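Quick notes on the structure that follows.
Number of protein chains: 2
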Amino acid sequence: MGRRSLKATRQQEIIVAFYKLAKKEGLENTSIAKIAKAMDVNPSLIIHYFQTKEELIYALIDFILDKYTPIFHVPNKASKTPKTILMEVIDNLFSKKWNTLFDDSLFYGCYALSFRENKIKARYKALLDGLRSKLAELIEDCISDGSLATDNALEAADLIFIILDGAYFYMSLVKDPKLLNEKLSLYKQKALTVLYNHTEIPA
Amino acid sequence: MGRRSLKATRQQEIIVAFYKLAKKEGLENTSIAKIAKAMDVNPSLIIHYFQTKEELIYALIDFILDKYTPIFHVPNKASKTPKTILMEVIDNLFSKKWNTLFDDSLFYGCYALSFRENKIKARYKALLDGLRSKLAELIEDCISDGSLATDNALEAADLIFIILDGAYFYMSLVKDPKLLNEKLSLYKQKALTVLYNHTEIPA
DNA sequence: ATTTTGATTGAACGTTCATTCAATTAAAAT
DNA sequence: ATTTTAATTGAATGAACGTTCAATCAAAAT
Chain A
1 MGRRSLKATR QQEIIVAFYK LAKKEGLENT SIAKIAKAMD VNPSLIIHYF
51 QTKEELIYAL IDFILDKYTP IFHVPNKASK TPKTILMEVI DNLFSKKWNT
101 LFDDSLFYGC YALSFRENKI KARYKALLDG LRSKLAELIE DCISDGSLAT
151 DNALEAADLI FIILDGAYFY MSLVKDPKLL NEKLSLYKQK ALTVLYNHTE
201 IPA
Chain B
1 MGRRSLKATR QQEIIVAFYK LAKKEGLENT SIAKIAKAMD VNPSLIIHYF
51 QTKEELIYAL IDFILDKYTP IFHVPNKASK TPKTILMEVI DNLFSKKWNT
101 LFDDSLFYGC YALSFRENKI KARYKALLDG LRSKLAELIE DCISDGSLAT
151 DNALEAADLI FIILDGAYFY MSLVKDPKLL NEKLSLYKQK ALTVLYNHTE
201 IPA
């Protein structure tokens, strides 16, 4: 009896509106009142679905971070060799697709919050570790397959993401698209060397 | 005639108070009123020296970023070989000294602002490029010296900082100090391989 | 038709915010 | 001493903030 609950859908709508606003005007300039205005709805409705702004931000972060998983999607996976799949994924990682799908400003803005909120820190850690272990699996497949002789799959995956994260950190500051492409392919190449780890450092 | 100006010193005091507060409570939770209270001074005094909060934030960012240059300091430089100097600097970069000197929360918090303020973005870019070119100089010295055969000093310096920045991005989320040390030395080792760039990627 | 339940509104709360402006105080110079 | 200049205060501004609560509205079930 009684009215059907719209909780899940309304919450989603609110988060999407929050995301869009924060993307355009910055996380620190986005208030509950502004979100409500953008949705043409009363501010107290937002508080009704998320009790506090804190909860709303947690939800936003989940929304943002959940966007990162599909980066591992490879079409026609079944018909491809492990090596091909791995190379396609690495191509995806070091491509502008990745860059346009997500908003770096929000990603780093929320990352900065993680220093003050352990819940947020844990969420980011889980994302980064999840990405690493997924990439490690693909490398493992190549090792089993004999197409790679990498020592330590997880370590290699970690190093590749270290390079990737460092690369995007710097590239967010670079404007010239031509230079950006050059940089990106250099970084990708360097990341690939991680898979062939026989470099010796002279004493 | 008239009273001596305290502008420079007062401004510095204000920025230091701002820095301390923002470090403890977060950039987004630090207001002019709070800074004034911490200094036991009237809020309007702060506005008197910095006309707007925007100006105050610019000054804070300069203050923060200026802290990064001394990382290149090496004692008794004159009596050391270029190779020794380079290795000491790289040791410094991949050490916790670097990590404790600066506040990552503020560094990333201000970095996030750079997406909305070109002035800030330019400041960060200048810092990162400055660090790279200084490291490149040290590498150049080793090449002239014959102690290194690196192809491209600036490219190598860039890659080392890519690894460094990616490393700190990830390590800010890691709590276990033992794991942190292991990671750090692995990343340093990988950064060093950049100086010996002969790794070939099989077709 | 009435009851039940949840969606949504609207008004109000006290706080904090950045900023303004005039008034006051303190140190130099004449 | 008086003038000049700058430091500093104190009161006030309006706007925005997150949150509260009671009131109303709309859809299901009886």
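Chains as they are written, first to last, in my numbering: chain A, 1 to 203; chain B, 1 to 203. Where is the CB? At the ideal position from N, CA and C, for every residue including glycine. Only a predicted model underlies this, so the values are computations on that prediction, with no experimental measurement involved.
Burial state of residue i (16 or more Cβ within 10 Å)
{"i": "Ala8 (chain A)", "result": "exposed"}
{"i": "Arg132 (chain A)", "result": "buried"}
{"i": "Val194 (chain A)", "result": "buried"}
{"i": "Pro75 (chain B)", "result": "exposed"}
{"i": "Thr52 (chain A)", "result": "exposed"}
{"i": "Gly146 (chain B)", "result": "exposed"}
{"i": "Ala22 (chain A)", "result": "buried"}
{"i": "Lys178 (chain A)", "result": "exposed"}
{"i": "Asp165 (chain A)", "result": "buried"}
{"i": "Ala33 (chain B)", "result": "exposed"}
{"i": "Asp158 (chain B)", "result": "buried"}
{"i": "Ser105 (chain B)", "result": "buried"}
{"i": "Lys190 (chain B)", "result": "buried"}
{"i": "Ser5 (chain A)", "result": "exposed"}
{"i": "Gly109 (chain B)", "result": "buried"}
{"i": "Ser123 (chain A)", "result": "Reading off the sequence shown, one finds Arg at residue 123 (chain A), where the question assumed Ser. Buried is the call here."}
{"i": "Ser44 (chain A)", "result": "exposed"}
{"i": "Leu128 (chain A)", "result": "buried"}
{"i": "Val89 (chain A)", "result": "buried"}
{"i": "Thr69 (chain A)", "result": "exposed"}
{"i": "Ser31 (chain B)", "result": "exposed"}
{"i": "Ala17 (chain B)", "result": "buried"}
{"i": "Ala149 (chain B)", "result": "exposed"}
{"i": "Ala78 (chain B)", "result": "exposed"}
Within chain B, the residues that residue i reaches when beta carbons sit closer than 7 Å
{"i": "Ala112 (chain A)", "result": "Ser105, Tyr108, Gly109 and Ala112"}
{"i": "Leu56 (chain A)", "result": "Those within 7 Å of Leu56 (chain A) in chain B number zero; the least Cβ separation is about 15 Å."}
Chain-ordered chain A contacts of residue i [CB-CB under 7 Å]
{"i": "Phe72 (chain B)", "result": "The contacting residues do not exist; Phe72 (chain B) stays about 19 Å from chain A at best."}
{"i": "Lys125 (chain B)", "result": "Leu173"}
Residue range of the alpha helix (DSSP H) that includes residue i
{"i": "Asp62 (chain A)", "result": "Lys53 to Leu65"}
{"i": "Asn92 (chain B)", "result": "Pro82 to Leu93"}
{"i": "Arg3 (chain B)", "result": "Neither: Arg3 (chain B) is in no alpha helix (DSSP H) and is coded neither H nor E."}
{"i": "Phe115 (chain B)", "result": "Counting along the chain, Phe115 (chain B) falls outside any alpha helix (DSSP H), and DSSP gives it neither H nor E."}
{"i": "Ile162 (chain B)", "result": "Ala153 to Met171"}
{"i": "Lys190 (chain B)", "result": "Pro177 to Thr193"}
{"i": "Ile35 (chain B)", "result": "Ile32 to Met39"}
{"i": "Ser44 (chain B)", "result": "Pro43 to Tyr49"}
{"i": "Thr150 (chain A)", "result": "Taken as a continuous stretch (DSSP letters only), Thr150 (chain A) belongs to no alpha helix (DSSP H), as it is neither H nor E."}
{"i": "Lys77 (chain B)", "result": "Here Lys77 (chain B) belongs to no alpha helix (DSSP H), and DSSP marks it neither H nor E."}
{"i": "Leu27 (chain B)", "result": "Counting along the chain, Leu27 (chain B) falls outside any alpha helix (DSSP H), and DSSP gives it neither H nor E."}
{"i": "Asn99 (chain A)", "result": "Lys96 to Leu101"}
Neighbour list for residue i in chain A, Cβ cutoff strictly below 9 Å
{"i": "Leu128 (chain B)", "result": "Phe169, Tyr170 and Leu173"}
{"i": "Phe242 (chain B)", "result": "The structure shown does not extend to residue 242 (chain B), since chain B spans only 1 to 203, so no value can be given for it."}
{"i": "Lys121 (chain B)", "result": "Ser172, Leu173 and Lys175"}
Between the region 168-190 of chain A and chain B, which residues of the former have CB atoms less than 9 Å from a CB of the latter, in chain order? Tyr168, Phe169, Tyr170, Ser172, Leu173, Val174, Lys175, Lys183, Leu186, Tyr187, Gln189 and Lys190
Please identify, using Cβ separations under 7 Å, the residues of the region 20-35 of chain B that lie next to chain A, in order along the chain. Gly26 and Glu28
Using a Cβ cut-off of 9 Å, which residues of the region 150-170 of chain B contact any Cβ in chain A, in chain order? Glu155, Asp158, Leu159, Phe161, Ile162, Ile163, Leu164, Asp165, Gly166, Ala167, Tyr168, Phe169 and Tyr170
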